[in-house]
Structures are given as C-alpha cells and as structure tokens.
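> The sequence shown begins at 1 in UniProt numbering and counts up by one. One structure coming up, written as structure tokens, with questions to follow.
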Amino acid sequence: MTGSDVLPPSFRLGYVPGVTPAKWARIWADRLPRTPLELVQVPSAEAVALVRGDGADAVLVRLPIDRTRLHAIPLYTETTVVVVPKDHLVTAADEVSLDDLADELMLHPLDDTLDWAGPPGRVIDDRPATTASAIEIAAAGTGLLVVPQSLARLYHRKDLTYRPIVDAPQSSVALSWPEDDTGELMEQFIGIVRGRTVNSTRGATPPKPKQASKKAPAAKKQSAPRGAKRGKPRRRS
Numbered sequence: 001m002t003g004s005d006v007l008p009p010s011f012r013l014g015y016v017p018g019v020t021p022a023k024w025a026r027i028w029a030d031r032l033p034r035t036p037l038e039l040v041q042v043p044s045a046e047a048v049a050l051v052r053g054d055g056a057d058a059v060l061v062r063l064p065i066d067r068t069r070l071h072a073i074p075l076y077t078e079t080t081v082v083v084v085p086k087d088h089l090v091t092a093a094d095e096v097s098l099d100d101l102a103d104e105l106m107l108h109p110l111d112d113t114l115d116w117a118g119p120p121g122r123v124i125d126d127r128p129a130t131t132a133s134a135i136e137i138a139a140a141g142t143g144l145l146v147v148p149q150s151l152a153r154l155y156h157r158k159d160l161t162y163r164p165i166v167d168a169p170q171s172s173v174a175l176s177w178p179e180d181d182t183g184e185l186m187e188q189f190i191g192i193v194r195g196r197t198v199n200s201t202r203g204a205t206p207p208k209p210k211q212a213s214k215k216a217p218a219a220k221k222q223s224a225p226r227g228a229k230r231g232k233p234r235r236r237s
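In structure tokens:
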C-alpha cells in the first residue's frame, strides 16, 4: 500500500433529525473495526454547509438540496403525516387527504423539510423557528403540523398522535458528499448504504475459479476374449 492509499483515522458522517444511521454504523464497525465512524447530528438547514466546509466526509440529508459540486444518492422516501392532538377529529380516520385539512389551522415551521410552498388549510402567520417548537405548539392545541413520519416519531409526545396523508409531498433521504472525494472510505460507505456485500467490489466481475486439469485416463490393456486360443510361437528352423 502506498502513502496515498493509507486510510485516514476516521470517517465523519453528518445526519439530519429523524434519520437513523445506526444500521449502517453497525455494518461499518463490523467491516472496518479499526476505522471509527463519527456520527454528527446537524440541523437540516446546515447539512449541506457542513459537508461543503469539510465538517463531515458525507451527510444524510433530505432532498431537495443544492447539488453544486456534490453527489447525492437517494436512499428511501418517507410517508408524510399530520401531527394532531389525540382527541382531534382527524384521529377517527386511518389516513387523511389534504382536502381533509382545508379548514384546519396549520403550523409551518421555518425548517420545514417538505418541498412545497406551504401546508394546506389556514396557515398561521407566525412561523415557528423549528419543527421541535412547532410540535410544542401543536400539543397546546394551536394548529396542526405536517412532517415526515420519522420526525413525528422523533418528537413523540403522549398527548399527540399522527395520521398518514395520502396526497402530500413526500420527503426523500439521500447520501451526499463532495464530487472530488473518491477515497476508499467514501467508497466503503457508499457500498454499505447500497447494500453491497463485504466480498463485492464496485463494477468488478469476480474471476472465475481455475478448474483443475484432468489427466486423460491410461489406456486399458485389452485381454483376449474368453475361449480364444493363444497362438504358439513359431519354431526357428
């Protein structure tokens, strides 16, 4: 291994609220036990700046983002839900539509992660700074909140519940990293999130095992058929 191939001492991964990298972190620890994976939670609005400013080798973010000089691999899409008090009429249904929320007071936090102009219904002008603070306001009975399901679970409260919205924009989670990072550790993590096995390599076809050469069987000595008389040797005169 040359000096340029030496692995750095650790890999730093940023992730936004609601995203849980624990599964990938466990796989990393199994495959690269001597290279620590550092997890850094970062607000959604600061995730791209973190990876652009060398604060992380890669980040798990919610799309859309500014992809200038960044790669982004979409990983999965989340269900969108409406967070409501447990005694709200919405809880009578298993799922709702945006039209069902048309007459409701709605909260629209400044860190909203959904790709839309704003939620349906009567949006409250005073926008909470964060989703976490919007959850507190919803618990007080002042407005409903539309978020990705993982955020509803992250900020779970006993006095709140949520219902899926069938026709709302959905939140996609992606892995993003700088375009100029082609290092071995980055490739290792990409392989992990894409589900590659430990023995697989990117774009490589495993060589076929060599087959042992088989020796041709020795020719069998033919014996005379049964009952046949052997000729006597001729006498020399």
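By construction, the Cβ of each residue, glycine as well, lies at the ideal position given by its N, Cα and C atoms. As the structure is a prediction and not an experimental result, all values here were calculated from the model.
Let's test the definition: count the other Cβ atoms within 10 Å of the Cβ of Tyr-76 and tell me whether it reaches 16, buried, or not, exposed.
Locating residue 76 in the sequence shown gives position 76, counting from the first residue. Exposed, by the Cβ-count rule.
> Report back the beta-carbon spacing between Trp-177 and Asp-57 to the nearest angstrom; my notes put them in contact at under 8 Å.
Here residue 177 corresponds to residue number 177 of the sequence shown, with the count starting at 1. Here residue 57 corresponds to residue number 57 of the sequence shown, with the count starting at 1. With a Cβ gap of about 7 Å, Trp-177 and Asp-57 count as contacting.
> Inspect the beta-carbon positions of Thr-80 and Pro-9 and report whether they are closer than 9 Å.
Counted from its first residue, the sequence shown places residue 80 at position 80. Counted from its first residue, the sequence shown places residue 9 at position 9. Cβ atoms of Thr-80 and Pro-9: not closer than 9 Å.
> Identify every residue that forms a DSSP beta bridge with Met-106.
Working through the sequence shown from its first residue, we reach residue 106 at position 106. Answer is Val-123 and Leu-144.
> Skipping 5 residues on each side, what residues in its chain have a beta carbon closer than 6 Å to that of Asp-30?
Residue mapping note: residue 30 aligns to position 30 of the sequence shown, counting from 1. Excluding residues within five positions, none has a Cβ falling inside 6 Å.
> Between the alpha carbons of Thr-130 and Leu-110, how many angstroms are there, rounded?
Residue numbering aside, residue 130 sits at position 130 when the sequence shown is read from its first letter. Residue numbering aside, residue 110 sits at position 110 when the sequence shown is read from its first letter. So the alpha carbons of these two residues sit roughly 6 Å apart.
> What first and last residue would you give for the alpha helix (DSSP H) that runs through Leu-47?
Numbered from its first residue, the sequence shown carries residue 47 at position 47. Here residue 47 is Ala; the residue named in the question, Leu, does not match the sequence. Counting along the chain, the alpha helix (DSSP H) containing Ala-47 begins and ends at 47 to 52.
> Residues in its own chain within less than 7 Å of Ala-134 by CB, not counting five upstream and five downstream?
Stepping through the sequence shown from its first residue, residue 134 is reached at position 134. Hits under 7 Å: Leu-107, Pro-109, Pro-128 and Leu-145.
> Using only alpha-carbon positions, find the residue among Glu-38, Leu-89 and Ala-45 that is nearest to Leu-185.
For the purposes of this step, residue 185 is identified with residue 185 of the sequence shown, where counting begins at 1. The shortest Cα separation from Leu-185 among Glu-38, Leu-89 and Ala-45 belongs to Glu-38.
> Determine, using beta carbons only, whether Val-59 and Leu-154 come nearer to each other than 9 Å.
As a working note, residue 59 is residue 59 in the sequence shown. As a working note, residue 154 is residue 154 in the sequence shown. It is not a contact, given that the beta carbons lie outside the stated cut-off.
> What three-state label does DSSP hand residue 249 in the structure shown?
It is not possible to answer for residue 249, since the shown part of the chain is limited to 1 through 237.
> For Ser-171, list the residues DSSP reports as bridge partners.
What you label residue 171 is simply residue 171 of the sequence shown in a count that begins at 1. For Ser-171, which the question treats as bridged, DSSP gives the partners Glu-78.
> Taking the beta strand (DSSP E) that Gly-14 belongs to, which residues open and close that run?
For the purposes of this step, residue 14 is taken as residue 14 along the sequence shown, with counting starting at 1. Its beta strand (DSSP E) spans residues 11 to 15.
> Excluding sequence positions up to five away, which residues of its chain have a Cβ less than 6 Å from the Cβ of Leu-101?
As a position in the sequence shown, residue 101 is number 101, starting the count at 1. Cβ within range, chain order: Pro-120 and Gly-121.
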